[in-house]
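**Q** Residue numbers (the UniProt record's numbering): 4 to 315. Sharing a structure here in structure tokens format.
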Ligand code: GLN
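Below, the structure is given as structure tokens:
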């Protein structure tokens, strides 16, 4: 059920976060992320009954980075279905988001679609049958449709920064290609991946885009099936187990809601049947997940009883 005082809850969380000193470190590997003010905090909660509760910088656009892996995975599953699981695993990695170590023992099959290696395979699948520009356009159109908001854009400066510095992602892609698990030219695959990471969205837009995952795969505005109920459950399961990389256990322990983080400081969370939540605060913890975003979600889960490990 929806807590009756949800607006008061998000207002209180935003006020607490505004007063916090320890925010972690803003990602600084590209200028487009490094210059973001660590003082930002935003939260938006879209509820199953169609309401929206927001506080703080909920309308400021930020780089969604790895949160995009949820949307790209959804598109890839729509294209090739369960055949995707021959090329990407479904187990938590226990390693950093950009780790290469497991790929050798596992023959170029990444552990899950939410670490970089797995997301790069997903990009390869989305690219099939397209020019890179079309694949990027498909991802952008998909996210706009989910959010019901044509104002969502890709930040080209961020995408270019990713390309200029993405040596490790290039290494991952080339390494997987050597095992035959990347089917298109590496520069094209990375072009798709870097542009999806550079999607710029506000908390409000992101919470809206995640609604289909709380609605058993249905688009809440159109009733159209984005994915089947079973697939929505499975994407949520992957978010719970793999959405915060080597911090996924800690996030489940503290928050208990499926979530996907990004190094821009955003986190998208899905409470099945109840809410789609986006938080943003750019400072990151040592695992690359938003420090205050995680804390805010911990507060929200405690105030609402929305941990999926609660009996409702
Ligand atoms: N663009 C980043 C990268 O590929 C995304 C990583 C993240 O958000 N965790 O390194």
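Glycine included, every Cβ here is placed at the ideal spot set by N, Cα and C. Model, not experiment: these values are computed from the prediction.
Rounded C-beta distance between residue 228 and residue 275? I'm assuming under 8 angstroms.
**A** About 16 angstroms separates the two Cβ atoms, so there is no contact after all.
**Q** In its own chain, which residues sit with a C-beta less than 7 angstroms from the C-beta of residue 128, not counting the 5 before and 5 after it?
**A** 79, 82, 83, 87
**Q** Among residues of its own chain, excluding the 5 on either side of residue 35, which ones have a beta-carbon nearer than 6 angstroms to its beta-carbon?
**A** Correct list, in chain order: 160, 161, 164.
**Q** Run through DSSP, which three-state label would residue 117 get?
**A** coil
**Q** For the beta strand (DSSP E) that residue 87 lies in, which residues bound it at each end?
**A** No beta strand (DSSP E) contains residue 87, which DSSP labels as neither H nor E.
**Q** Which value, in whole angstroms, describes the spacing of the CA atoms of residue 314 and residue 255?
**A** 16 angstroms
**Q** Would you list the residues whose beta-carbon is nearer than 6 angstroms to any heavy atom of the ligand GLN, in the order they occur in the chain?
**A** 68, 69, 100, 101, 119, 165, 172, 200, 265, 266, 291
**Q** Quick test of your reading: residue 176 and residue 189, contact by CB under 8 angstroms. State the CB separation rounded to the nearest angstrom.
**A** 5 angstroms
**Q** Judging by CA-CA distance, which residue of 223, 266, 146 is the nearest neighbour of residue 101?
**A** 266
**Q** Alpha carbon to alpha carbon, how far is residue 120 from residue 103? Give it in angstroms, no decimals.
**A** 8 angstroms
**Q** Would you list the residues sitting across from residue 239 in a DSSP beta bridge?
**A** BP columns for residue 239 are empty, so no partner.
**Q** Taking the alpha-carbon of residue 70 as reference, which of 204, 278, 60 has the nearest alpha-carbon?
**A** 204
**Q** Would DSSP call residue 264 helix, strand or coil?
**A** strand
**Q** Could you pull out every residue in the same chain whose Cβ sits closer than 7 angstroms to the Cβ of residue 272, ignoring the five residues on either side in sequence?
**A** 260, 261, 262, 280, 300
**Q** Is residue 65 helix, strand or coil by DSSP?
**A** strand
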